[in-house]
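Number of protein chains: 2
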Amino acid sequence: MKVQVRVMPKAGILDPQGKAIAGALARLGFEGVGDVRAGKVFRLDVAETDPAKAKEAAARMAGTLLANPVIEDYEVEVVP
Amino acid sequence: MKVQVRVMPKAGILDPQGKAIAGALARLGFEGVGDVRAGKVFRLDVAETDPAKAKEAAARMAGTLLANPVIEDYEVEVVP
Numbered sequence: 449m450k451v452q453v454r455v456m457p458k459a460g461i462l463d464p465q466g467k468a469i470a471g472a473l474a475r476l477g478f479e480g481v482g483d484v485r486a487g488k489v490f491r492l493d494v495a496e497t498d499p500a501k502a503k504e505a506a507a508r509m510a511g512t513l514l515a516n517p518v519i520e521d522y523e524v525e526v527v528p
Numbered sequence: 449m450k451v452q453v454r455v456m457p458k459a460g461i462l463d464p465q466g467k468a469i470a471g472a473l474a475r476l477g478f479e480g481v482g483d484v485r486a487g488k489v490f491r492l493d494v495a496e497t498d499p500a501k502a503k504e505a506a507a508r509m510a511g512t513l514l515a516n517p518v519i520e521d522y523e524v525e526v527v528p
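Chains E and S are the protein sequences, given in the same order.
Heads up, the first sequence is in this note's numbering, so the first residue is 449 and it goes up one at a time.
Heads up, the second sequence is in this note's numbering, so the first residue is 449 and it goes up one at a time.
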């Protein structure tokens, strides 16, 4: 079973990478782009076959290793 | 309108960050984790109000700046 963990900077936390991307997009001629937030995404193959248990395990992995809960939020979902 | 661009290493492309995470999870006692792939995710506020046009513009941004199409795949979706 595959689970996806998406890690994003919390609302209100400065995101310099997102800011740089927004600036670069404007310089490249892309118009109408406002705020950009940059995060990370992880896809994990897990042996667990129960979707609820797989999500619960992935949430523990996110809280322990994949995300920094002080400045980042994470979302876990089972993916096909 | 918010669009999300998810950028992942193409299948078959070595992902050292994913490998390192898989090793770290095993050392932390998380069992049953196989392959891990690490990618990036971007959330962009765009002025465009037509979802199809917003997705099309975000796909051009991904192909130009956000992803390296030689080694990365990207997926664009409109998010709430």
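Glycine is no exception: its CB is placed at the ideal position from the N, C-alpha and C atoms.
Residue i by DSSP, collapsed to three states: which one?
i: S/Gly480; result: coil
i: S/Glu496; result: coil
i: S/Lys488; result: strand
Report the CB separation of residue i from residue j in whole angstroms; it is logged as a contact under 8 Å.
i: E/Ile469; j: S/Phe490; result: 7 Å
i: E/Ala506; j: E/Val451; result: 4 Å
i: S/Gly480; j: E/Glu496; result: 6 Å
i: S/Phe478; j: E/Met509; result: 6 Å
i: S/Gly487; j: S/Pro457; result: 7 Å
Would you mind telling me which residues of chain S sit closer than 8 Å to residue i, beta carbon to beta carbon, in chain order?
i: E/Ile469; result: Phe490, Leu513, Leu514
Does any C-beta atom of chain S lie closer than 8 Å to the C-beta of residue i?
i: E/Glu496; result: yes
i: E/Val484; result: yes
i: E/Ala507; result: no
Run down chain E in chain order and give the residues with a C-beta less than 9 Å from the C-beta of residue i.
i: S/Asp521; result: Under the 9 Å cutoff, chain E gives no residues; its nearest Cβ is about 12 Å from S/Asp521.
Tell me, which residues are paired with residue i by DSSP?
i: S/Glu449; result: Rather than Glu, the amino acid found at residue 449 of chain S in this sequence is Met. Per DSSP, none; premise fails for S/Met449.
i: E/Asp521; result: E/Met456
List the residues of chain E that residue i touches, going by C-beta distances under 8 Å, in chain order.
i: S/Ala472; result: Leu513
i: S/Leu462; result: Residues of chain E passing the Cβ test: none, with the nearest at roughly 15 Å.
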